[in-house]
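Notes for the one structure printed next.
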Amino acid sequence: MGIHHLVKNIFVGTMLALLSHISLADPLAQAAAITSLDHDTQALKKAVLDLNKELFLLEEELLYPANTQVAVFVSMDVGQYFALESVQLTMDGKDVGNYLYTEREVDALHRGGVHQLYLGNLKVGEHELVAIFTGKGPHGRDYKRGATLEFAKNIGSKYVELSISDRVEQLQPEFMVREWD
Amino acid sequence: MRRYPSIAGLSRSIFVTAAIAALCSNAFSAEPNGVLVRDPHYGEVLFHFYQQDYFTALTHLAAFREQKKFSHHADEAELLQGGLLLSWGQHEEAGRIFEQLLANADDPSVRNRTWFYLGKVRYQRGHIEAAEDAFESISAPLPEELDAERYNLLARIYMDQGRFKAAADLLAGWEGKAVWAVYARYNLGVAMVRMGELEAGAELLNSVGAMSLGANDNDELLSLRDRANVALGFAYLQEGSEVQAKEILQRVRLTGPFSNKALLGVGWADSASQDYRKALVPWLELSQRDLLDSAVQESLLAVPYAMAKLDSDPVAAQYYVRALQIFESEIQRIDSAIADAAGGRLVNTLLKDDEFSTGGWNWQLENIPDDNRTRYLYFAIADHRFHEGLKSYRDLIALNRGLYSWGEKLDTFSNMLETLEVAYADRLPETTRMLASDDLQRLRDTYNSLQARASAGVDAHDVVSFAPEVEQAQWHRLVSLEGMPGWDSEAASDLRDKQRLLKGLLLWEMEKEYKVRAWRQERALQDLGRQLEFAEQSYAALENAEASVPGNVGDFDRRISALSPRITSMRAQLASSMDKHIDYLHQIAARELNSQKDRLMSYRAQARFALASIYDRLSARAE
Numbered sequence: 029m030g031i032h033h034l035v036k037n038i039f040v041g042t043m044l045a046l047l048s049h050i051s052l053a054d055p056l057a058q059a060a061a062i063t064s065l066d067h068d069t070q071a072l073k074k075a076v077l078d079l080n081k082e083l084f085l086l087e088e089e090l091l092y093p094a095n096t097q098v099a100v101f102v103s104m105d106v107g108q109y110f111a112l113e114s115v116q117l118t119m120d121g122k123d124v125g126n127y128l129y130t131e132r133e134v135d136a137l138h139r140g141g142v143h144q145l146y147l148g149n150l151k152v153g154e155h156e157l158v159a160i161f162t163g164k165g166p167h168g169r170d171y172k173r174g175a176t177l178e179f180a181k182n183i184g185s186k187y188v189e190l191s192i193s194d195r196v197e198q199l200q201p202e203f204m205v206r207e208w209d
Numbered sequence: 019m020r021r022y023p024s025i026a027g028l029s030r031s032i033f034v035t036a037a038i039a040a041l042c043s044n045a046f047s048a049e050p051n052g053v054l055v056r057d058p059h060y061g062e063v064l065f066h067f068y069q070q071d072y073f074t075a076l077t078h079l080a081a082f083r084e085q086k087k088f089s090h091h092a093d094e095a096e097l098l099q100g101g102l103l104l105s106w107g108q109h110e111e112a113g114r115i116f117e118q119l120l121a122n123a124d125d126p127s128v129r130n131r132t133w134f135y136l137g138k139v140r141y142q143r144g145h146i147e148a149a150e151d152a153f154e155s156i157s158a159p160l161p162e163e164l165d166a167e168r169y170n171l172l173a174r175i176y177m178d179q180g181r182f183k184a185a186a187d188l189l190a191g192w193e194g195k196a197v198w199a200v201y202a203r204y205n206l207g208v209a210m211v212r213m214g215e216l217e218a219g220a221e222l223l224n225s226v227g228a229m230s231l232g233a234n235d236n237d238e239l240l241s242l243r244d245r246a247n248v249a250l251g252f253a254y255l256q257e258g259s260e261v262q263a264k265e266i267l268q269r270v271r272l273t274g275p276f277s278n279k280a281l282l283g284v285g286w287a288d289s290a291s292q293d294y295r296k297a298l299v300p301w302l303e304l305s306q307r308d309l310l311d312s313a314v315q316e317s318l319l320a321v322p323y324a325m326a327k328l329d330s331d332p333v334a335a336q337y338y339v340r341a342l343q344i345f346e347s348e349i350q351r352i353d354s355a356i357a358d359a360a361g362g363r364l365v366n367t368l369l370k371d372d373e374f375s376t377g378g379w380n381w382q383l384e385n386i387p388d389d390n391r392t393r394y395l396y397f398a399i400a401d402h403r404f405h406e407g408l409k410s411y412r413d414l415i416a417l418n419r420g421l422y423s424w425g426e427k428l429d430t431f432s433n434m435l436e437t438l439e440v441a442y443a444d445r446l447p448e449t450t451r452m453l454a455s456d457d458l459q460r461l462r463d464t465y466n467s468l469q470a471r472a473s474a475g476v477d478a479h480d481v482v483s484f485a486p487e488v489e490q491a492q493w494h495r496l497v498s499l500e501g502m503p504g505w506d507s508e509a510a511s512d513l514r515d516k517q518r519l520l521k522g523l524l525l526w527e528m529e530k531e532y533k534v535r536a537w538r539q540e541r542a543l544q545d546l547g548r549q550l551e552f553a554e555q556s557y558a559a560l561e562n563a564e565a566s567v568p569g570n571v572g573d574f575d576r577r578i579s580a581l582s583p584r585i586t587s588m589r590a591q592l593a594s595s596m597d598k599h600i601d602y603l604h605q606i607a608a609r610e611l612n613s614q615k616d617r618l619m620s621y622r623a624q625a626r627f628a629l630a631s632i633y634d635r636l637s638a639r640a641e
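Protein sequences, first through last, are from chains A and B.
Count the first sequence with this note's numbering and you get residues 29 to 209, in order.
Count the second sequence with this note's numbering and you get residues 19 to 641, in order.
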């Protein structure tokens with residue numbers, strides 16, 4: 029009979045231990061080892077981050093020098109009437125980008141993120157950019173719209189924004205291409 | 019492979035789960051009041067941040083700050099950097115940035131959010147009083163999500179300090195997000211039960227356990243409700259209140275993750291009331307379930323225990339024999355898992371299908387191999403330290419892979435620079451000749467002259483100068499007639515009349531078209547001027563390039579030469595750190611697996627002892 033009481037006691041004790049909040053504290057030596065590993069890992073990750081930043085800057089300065097650099101960004105303000113699927117970009121008649129957006133990326137755009145769709149180089153002079161937006165419009169219908177911008181590229185970086193917003197009074201999306209001030 | 023809803027759900031303690039959720043899940047929010055993005059590059063960083071790609075976001079943020087691309091978001095960018103570091107597990111650096119930001123920022127919104135994140139950092143590092151100070155320095159309500167976390171963490175701090183009444187008062191006056199409030203009530207309830215305050219704890223746990231939720235409600239809340247009921251049910255069981263315990267445990271869903279524990283508890287409640295026949299119903303059901311759960315393992319002892327109580331010793335003996343066989347087989351499986359852990363296969367098995375994106379702090383392992391050898395890894399993964407270590411290890415792998423790619427890119431960049439040098443040398447003579455010539459100046463002079471002529475034409479209202487060449491030729495022929503010998507004679511009278519008529523017609527026509535022609539001329543000159551400016555800019559760029567390319571190429575070469583060995587050295591450090599992580603993870607796993615094994619061995623001993631007792635009794639009866 030004694031064994032059964034023992035079983036029950038062990039059992040209830042075990043269950044309560046499982047359900048209660050437990051302490052994460054380890055014996056001192058183990059805690060020190062964990063802290064040291066965590067500290068070293070953080071220092072190493074910071075060093076890699078610094079190195080990565082330098083590599084990123086090197087790549088950008090080498091491949092897209094400031095004098096010729098052109099960047100095209102996609103932004104979304106509300107976007108209630110349009111579910112973005114892709115953007116196709118042509119510069120002076122040449123395809124330079126065709127980007128399919130994931131749900132996660134669209135969500136990031138909705139929350140205020142700005143996607144750098146294109147980074148390239150352009151000569152000084154007049155240029156024409158055409159963006160075709162594809163997705164679902166009001167009532168879930170397939171929707172495809174284009175927007176154009178003619179712009180002058182001078183010496184120095186040029187930033188262009190492809191903006192998707194809502195035209196509330198017409199219950200329609202609005203697509204704009206403009207130079208980012 | 020089996021897909022599990024959440025590994026965190028297997029965590030041994032709701033406190034751990036809630037604390038991790040509070041500290042790590044969506045660790046940083048960049049939406050104080052709907053920030054209007056005014057610098058595209060700031061928005062670009064947010065784009066990565068919102069996808070929880072913290073490493074890319076941090077890299078870009080640091081690079082863009084160095085390039086001074088955040089003219090409108092200076093303070094926000096610093097706060098974002100701190101938050102991103104926190105989200106990426108860099109508590110030390112994040113803390114430094116928040117302290118620095120507090121010393122410099124004047125904007126109350128930035129200061130309040132900074133206090134909040136600093137409080138989180140301090141709490142994570144175990145500086146409880148300092149964390150409390152930080153949270154209490156917040157002078158205005160934060161965005162809803164952050165406020166919920168603040169209250170929850172503050173309640174945790176009070177509980178850690180044993181100030182349960184303060185925690186209860188704080189939660190009572192809090193109208194924040196429901197899910198956070200529920201977690202906080204649960205934690206406080208469990209803490210009070212553990213402190214012996216059953217009545218007060220039961221009230222809190224009951225408020226969670228009796229929540230009105232539909233089957234389609236948030237799974238997290240449904241699980242939490244079950245968990246509260248199991249906790250309260252077992253608290254009552256321990257107090258000897260079997261009837262109340264059973265009533266509470268029967269609220270638990272039969273298919274949820276806590277159903278096994280509830281079934282076991284219901285059986286014990288019936289057993290405590292001497293109703294062993296009723297106790298057998300949940301225990302027999304439980305004994306058919308997945309053996310991984312300790313409740314199921316314990317039911318293998320509970321069933322023969324009840325059988326014996328019902329004077330069915332022969333049947334009880336059969337069940338004990340079955341239990342012994344099962345425990346034996348499970349112990350062998352754990353031995354295999356321990357051997358796997360020691361052989362270094364454990365972590366690689368867990369991460370074999372992982373994509374190793376630099377996702378950061380919110381990463382959760384969702385799939386684990388589903389076979390007999392690895393099933394006990396659940397317990398290791400459910401350990402907070404193991405999971406955090408695994409995430410860190412995974413980050414290191416991703417960083418190592420990233421640096422490998424950069425190494426390959428640097429080789430490409432070196433080749434590019436060599437090609438650029440060759441192209442530069444080829445084109446230099448022609449470029450030098452072009453830059454030395456006065457072609458561009460002559461074009462500028464011609465343009466200036468054209469512009470002067472056009473202005474003079476407008477000032478003098480010279481309609482003829484804006485007319486097409488044909489009309490100008492006709493006009494000059496008509497005018498030249500006036501210089502002919504005998505033009506003024508009587509005989510030329512008809513000719514003079516015709517000439518006057520034609521001249522008048524032509525002038526009328528030119529006058530009529532003048533405005534359009536002058537406007538077109540102006541437009542054409544403007545276009546020409548713009549093209550000329552572009553040409554001048556190109557010349558300037560060419561001149562600049564002629565002078566700077568050798569220097570730039572040399573500079574890039576030097577940078578590449580300096581970065582290459584750093585990549586090699588950093589990869590070696592990463593490899594060493596990964597080895598340490600593997601050792602650490604294997605230690606935790608082995609400890610957890612051994613603890614599982616010890617438990618099973620204890621059950622096996624109990625089963626053997628109980629079986630021996632039954633055989634003794636049966637022998638005694640036979641004699």
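Ideal placement from N, C-alpha and C gives every residue a C-beta, glycine not left out.
The structure presented is a predicted model; accordingly, all values stated were derived computationally and were not measured.
Three or more beta-carbon pairs separated by less than 8 Å are not found between the segment 121 to 132 of chain B and the segment 103 to 112 of chain B, which leaves the two stretches without contact.
If you ignore the 5 residues before and after L302(B), its C-beta comes within less than 7 Å of the C-beta of V321, all in its own chain and listed in chain order.
The Cβ atoms of L282(B) and L250(B) lie no closer than 8 Å to each other. Inter-segment contact for the segment 58 to 65 of chain B and the segment 134 to 150 of chain A is present: three or more beta-carbon pairs are separated by less than 8 Å.
Contact annotation, A159(A) with L112(A): C-beta distance approximately 12 Å; criterion of less than 8 Å not satisfied.
Taking a cut-off of 8 Å on C-beta distances, the segment 122 to 138 of chain A does not touch the segment 174 to 185 of chain A, as fewer than three cross pairs fall below it.
Taking C-beta atoms as the reference points, H78(B) and R56(B) fail to come closer than 8 Å. Restricting attention to L188(B), Q256(B), I344(B), the CA atom closest to the CA of Q306(B) is found in I344(B). In the structure shown, the three-state DSSP call for I399(B) is helix. For K296(B), the uninterrupted alpha helix (DSSP H) run begins and ends at 294 to 305, by DSSP. DSSP lists E178(A) as the bridge partner or partners of E156(A). Look at the beta carbons and you see the segment 130 to 142 of chain B touching the segment 160 to 171 of chain B: at least three pairs across the two are nearer than 8 Å. With respect to the C-alpha of E527(B), the residue from A553(B), F484(B), D358(B), Q539(B) having the closest C-alpha is F484(B). Look at N224(B) here: in three-state DSSP terms it is helix. Against chain A, the CB of P568(B) has no partner CB under 8 Å away; the residue lies outside that interface. Neighbours of A559(B) in chain A, taken as residues at a C-beta separation under 8 Å, are given in chain order as N95, V152, I183.
With respect to chain A, the C-beta atom of D151(B) has no partner C-beta closer than 8 Å. The beta-carbon distance between L618(B) and Y338(B), rounded to whole angstroms, is 15 Å. This is too long to meet the 8 Å contact definition. V197(B) and I578(B) have their C-alpha atoms roughly 51 Å apart. Spanning the alpha carbons of V102(A) and G274(B) requires a straight line of approximately 44 Å.
Secondary structure remark: continuous alpha helix (DSSP H) runs of at least 4 residues inside the segment 53 to 139 of chain A, in chain order: 56 to 91, 131 to 138.
Contacts between A75(A) and chain B, judged by CB atoms closer than 7 Å, involve M588 in chain order. Using a Cβ-Cβ cut-off of 7 Å, W424(B) is close to L83 of chain A, given in chain order. Residues of the segment 444 to 470 of chain B with a C-beta atom less than 8 Å from some C-beta of chain A do not occur. Counting other Cβ atoms within 10 Å of its Cβ, E178(A) stays below 16 and is therefore classed as exposed. In the same chain as A398(B), and ignoring 5 residues on each side of it, the C-beta atoms closer than 7 Å to its own belong to F404, I606, A607, E610, L611, in chain order. Here K296(B) has D288 as same chain residues with Cβ atoms under 6 Å from its own Cβ, once five neighbours each way along the sequence are excluded. Contact annotation: A313(B) and N366(B) have beta-carbon atoms that are not nearer than 8 Å. Sixteen is the threshold: when 16 or more other Cβ atoms of the shown chains lie within 10 Å of the Cβ of P58(B), as they do, the residue is buried. In the DSSP annotation of this structure, the continuous segment of the alpha helix (DSSP H) that includes M596(B) starts and ends at 511 to 640. Distances from the CA of A75(A) to each of Y621(B), Y633(B), R584(B) were compared; the closest alpha carbon is that of R584(B). In terms of beta-carbon proximity, Q144(A) lines the interface with chain B, with at least one pair separated by less than 8 Å. Secondary structure at D413(B): helix, using DSSP grouped into helix, strand and coil. Only those residues of the segment 425 to 444 of chain B whose C-beta falls short of 9 Å from the nearest C-beta of chain A are listed: K427, L428, F431, M434, L435. Judged by DSSP secondary structure, V261(B) falls within the alpha helix (DSSP H) whose first and last residues are 260 to 267. R584(B) belongs to the set of residues whose beta carbon lies under 8 Å from a beta carbon in chain A.
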